[in-house]
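Working notes, structure below.
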Amino acid sequence: MDETVPTPRGLPFVGNLFELDGHALIQSLMRLWRELGPIYRLNVLGQSGLVVGSQALVNEVCDETRFEKFVHSALINLRPATGDGLFTAQNNEANWEIAHRILMPAFGPLGLRDMHGKMLDIAGQMLDRWERFGEDAEIDVVDSMTRLTLDTLALCAFDYRFNSFYRDSMHSFVDSMVSALLEASARDRRPALLSRAMLRTQRKFRHDVAMMHELADSLVADRREKGAMGSRGDLLDSMLLGRDPTSGKQLSDENIRFQLVTFLIAGHETTSGLLSFTLYHLLKYPEILRKAQHCVDDVLGSRLPTPADMPRLDYLEHILMESLRLWPTAPAFAVTPIAPTRLAGKYPVMPGDEILVLLPALHRDPLVWGDDVETFRPERFEREAVARLPPNAWKPFGNGQRACIGRGFAMQEAQLVLAMTLQRFDISAVDKNYEMKIAETLTIKPDGLRMHVRARPRDDTHDPAYRQNKQGAGSSIGSTQSAAEGEPLLILHGGSTGTCETFARKIAKQARQHGYTVRIMSLNDGSAELSNIKKAVFIIASFEGEPSDSARKGLEWIEHLPREALSNLDYAILGCGNRNWTRTYQAVPKRLEAALNKAGAQPFVPRGESDAAGDFIEIVEQWITGLWVALGSSAISVMSATQLEFLPSLRQAGMSTATARCLDNTRMTPEQYRGYHKHHIVLELSPTLHYKTGDYLCVLPSNPPETVARGLRRLGLDPETRIRLHNSGNQDWPVPEHESLPVKTILADFVELEQPVTLDQLRLFATRTACPPEKAHIERLLDPALYQREIMHPRIGTLSFLERFASCTVGLAELLPLLPPIAPRRYSISSAPEVNSRRCTLTVSVIDDAPASGTGRHIGVASGYLARLVKDSALTVSVMPGSTAFRLPEDPTVPLIMIGAGSGIAPFRGFLEERMQQKRDGLSVGPAIMFFGCRNPDQDFLYKGMLAQWENAGIVRVFPAFSCPDQGTGQYVQDLLVQHAGRVIELMALGGRIYCCGNARTVIPGIEQALMELCTHALETSPAVAMRWARRNIIQKNRYAVDAFS
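Add 282 to the 1-based position in the sequence shown for this note's numbering, that's all there is to it.
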């Protein structure tokens, strides 16, 4: 029999509006929950909805076969900012599923592991700032955590630095975000007519949305304009380049904008609240604080945390989970029935009815959490206790397929920051009598919480032994005792984050080394092949207890097979999951195992369980070792010199390459020149190659002879020793199989010798180093922060590193598979095909430095190679199209503004050569100016004579900037821009296009700052307004382009 839901007494027209405090909505709902019970109805301004707050009811509405997400009105009010982004998209909007599939891999275990170093970076900035303030300073906890989480999200996801800890006020994005969230929430409590009548408030909301969109657009524009798409491998690259594996579609520019704003809001606002509430509880419960600090000391001592440490800091994770229980920072989500149904068997609900899940109430259900629900007790989340919880009792990250995509990111960041804070500081409350006050927008945070921090003494002698990351048996170095002899092996994967496919490819590579003929496919695509195969390996994960899109159909197909249909199949399953999601942990791998067994298949190795909350890399390596043992193959060991594996070089990389011939190679700088020497190189191209002005020439170089000689000397090799390369037929090789090659040729032409040392190389070197101090030094470099600081930042190359550690006895056979194939280098073409389409010129700056470490000189691989070319030398090249924005306008009368320094003159020489040819052909050409930076007018004023001829012909006006003249004060191109601002503005007003070419770190930032100062002065406005004007009128109209190089 149907029952009526309890409802507070209301008033005409407004209903229960006055039951709700506009500044404390969640607290108002909690008060009503305490008064009315676990379910009640609210009627506000004609809108009705249910509120539920018990585990029994929430468990029911979390059933996705009966209920789906309801985008409630406060979120709808936010849609002008976030549109159909992941958080505010309606269920029927296609972009949600497309974006979810594209972006999920970025937040998988491997993606999160890659973000660890950047998280350390930002956390270190905050803690360093606190330490400089001293122990008497009052730390505004929420302010610090907001800066921290905003900067961390931006750096990890978009490779962008807000630098919030280097400025007094918060970034304007935060002000606009908070204002927009408050207004979205306030509109929910106002009649629509009143909201429309509040014109000033509406204008402010539109301004806030525009400011957030402006930042999002600038992130995209910066990545595109600098030609950096695909180079970062981060979330923004996934948005710009990712393709939905199901539909094949990519994200539109509008949806990318919405996703960026969504992540910038949701990715930091809730995590900052989590950390703030957690610190409040630690200040309130000193025993828990001491226990947490002891945990950190035991695991870390005074060194920085590594990804391998996170599982051992489990007490901190329990603290964070308990904090989320009491104060879930996204405190509610809403669902609606898919079809008419009854809630709890007695409350009828219809599609479109809003049912609000009130998380602080759910998390205080005494039937689940006991009578001490208001007590902060982290032990509730010990593994055994979590296993006893009923389903859907703890839901801080939402529900099902619409749950928070970034929950792993948030928990990893919070755990790491908490560990580093407790490691470095003793904390105490400023106000010992502080009582919790909640600040609400669409999220909740403590209000007015302040603390003191006192630096703890550091004693490195008490550090626990550093746990070396073992090189698993599945390492890519080594050889195999082949037992398979061409036997087919099918490897099927199914996951949402890319982790399963990564492991599948790792196993496939090793399987080929073991002699198997391998096919690797998704479970959906490969399940039908199981009837025709004898051995199969499955790598599969659960998503909220369900298979991923790439595995769902395949799993269902297997489950519907008749008994004994796969009786000839032997199989192995590696399950990927996270033990923190107790109810669904390994659910799909177990389901697959049951289906295969029912169909008569036999396991040849026990099912593996990879736990992302633990040391999952180590677990996977151990399982793979067992896999090969069970298949009768030995673990991969150190390979002999007759079994070398090479990765594909450019010649096998699918690029269209051809041969060019050197016609001339002229050094343009004198012998006494103190900078990098500059060369002008003329090449004759193959008839198959065609280029346009503004294109690049990719050159496949050879290592410098000096570097090759160092490598031979360090490895103790005779340069004429020949090595024969054997292949099982399953690998791509850069040379013909079985051909013997001199070892000097392999080191010169096939591998990079001075790319920065990789972690895999460090692990190998540690196992081959006899001297204990040297071995300990190498092992310490496996720490992500030290690795970034001591290897990546100074770019210590592999060979230079080996020269520093004399006791490392690594051999050629072990080293070669870990060296990257030699890669092509890209150079801007400095000529125009309109003059001679068979010839092109390059302007090359030849790198020749003292080394960061090691011996000899640091000689640029490609620039040194090009500098050594003599007449008639042959080289392997290909043409790469330049940016569409970095082209001459089709209309030759459009004015040009070119700004560059050093070899950055290259594309502009091509532009001017084409303009000169256009004038010879009788076309009218527009005005052009070029600002060119160099050191000295008599040493490196490149193409000085030719530029003078073009000036006399009326093609260009050149403004040189000399940083080191013989007399007078030096200046840079940005100084000239300011001096000649009038001419620049004049050409911009005529529709001119601006082109910049130079070093991305030393040249381009100064140029762009000068251009913005110029626009600000010309428009007589603020820098922010000038930037918006420039983006709208210059950048978005392809009137500004950058060709930046490192």
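Just so it is clear, CB atoms sit at the ideal spot from N, CA and C, and this is done for glycine as well.
Please state whether the Cβ-Cβ distance between residue 684 and residue 645 is less than 8 Å. no
Could you work out which residue in 592, 625, 704, 627 is closest to residue 574 when comparing CA atoms only? 704
Using 8 Å as the cut-off, can you tell me whether the region 462 to 475 makes contact with the region 354 to 367, which would need three or more C-beta pairs spanning the two stretches below that distance? yes
Pick from 874, 1093, 817, 857 that is closest to residue 838, judged by C-alpha positions: 874
Three-state secondary structure (DSSP) of residue 947: strand
Check whether the region 533 to 545 and the region 487 to 506 are in contact - that is, three or more C-beta pairs closer than 8 Å. yes
Opposing strand residues paired with residue 592 [DSSP bridges]: Paired residues: none, contrary to the question.
Between residue 1157 and residue 962, what straight-line distance do the alpha-carbon atoms span, to the nearest angstrom? 16 Å
DSSP on residue 1050, reduced to helix/strand/coil? coil
Option nearest residue 1308 by Cα separation, candidates 1048, 300, 1297: 1297
Span of the beta strand (DSSP E) holding residue 1276? 1275 to 1281
Looking at the strands, I want to know which residues DSSP matches up with residue 734. 710
Return the CA-CA distance between residue 782 and residue 903, expressed in angstroms with no decimal places. 14 Å
Alpha carbon of residue 1288 to alpha carbon of residue 1214, nearest angstrom: 13 Å
For residue 770 and residue 1193, I'd like the C-alpha separation in whole angstroms. 56 Å
Here's the rule: buried if 16 or more other CB atoms are within 10 angstroms of the residue's CB, otherwise exposed. What is residue 1085? buried
Every unbroken beta strand (DSSP E) within the region 308 to 381, with a cutoff of 3 residues, ordered by chain: 321 to 326, 329 to 334, 349 to 351
Tell me which residues share the same chain as residue 1155 and place their Cβ nearer than 6 Å to its Cβ, disregarding the 5 neighbours each side in the sequence. 944
Need the endpoints of the alpha helix (DSSP H) that residue 292 sits in, please. Here residue 292 belongs to no alpha helix (DSSP H), and DSSP marks it neither H nor E.
Just to confirm the assignment, what range does the alpha helix (DSSP H) spanning residue 440 have? 423 to 440
Output needed for residue 1144: all residues of its chain with C-beta closer than 7 Å, excluding positions within five of it in sequence on either side, in chain order. 981, 983, 1107
Do three or more CB pairs link the region 403 to 420 to the region 556 to 565 at distances below 8 Å? no
Would residue 642 and residue 308 be called neighbours here (beta carbons separated by less than 8 Å)? yes
Classify residue 869 as buried or exposed, calling it buried when 16 or more other Cβ atoms lie within 10 Å of its own Cβ. buried
Report the three-state DSSP secondary structure of residue 804 (helix, strand or coil). strand
Using the beta-carbon count (16 or more within 10 Å), is residue 1318 buried or exposed? exposed
I need the DSSP call for residue 562, collapsed to helix, strand or coil. helix
Where do the N-terminal and C-terminal ends of the beta strand (DSSP E) with residue 1215 fall, by residue? 1210 to 1216
In whole angstroms, what separates the C-alpha of residue 892 from that of residue 386? 18 Å
Any chance you could list the alpha helix (DSSP H) runs of at least 4 consecutive residues sitting entirely within the region 1196 to 1258, in chain order? 1226 to 1234
Nearest residue (CA-CA) to residue 1022, options 1002, 1037, 1190: 1002
Just the Cα atoms here: how many angstroms apart are residue 514 and residue 392? 15 Å
Could you spell out where the beta strand (DSSP E) holding residue 782 opens and where it closes? Run containing residue 782: none in the beta strand (DSSP E); it sits in the alpha helix (DSSP H), 781 to 795.
Local conformation of residue 1184 per DSSP, three classes: helix
Once DSSP output is grouped into helix, strand and coil, what is the label at residue 656? coil
Mapping the DSSP letters down to three states, classify residue 1158 as helix, strand or coil. strand
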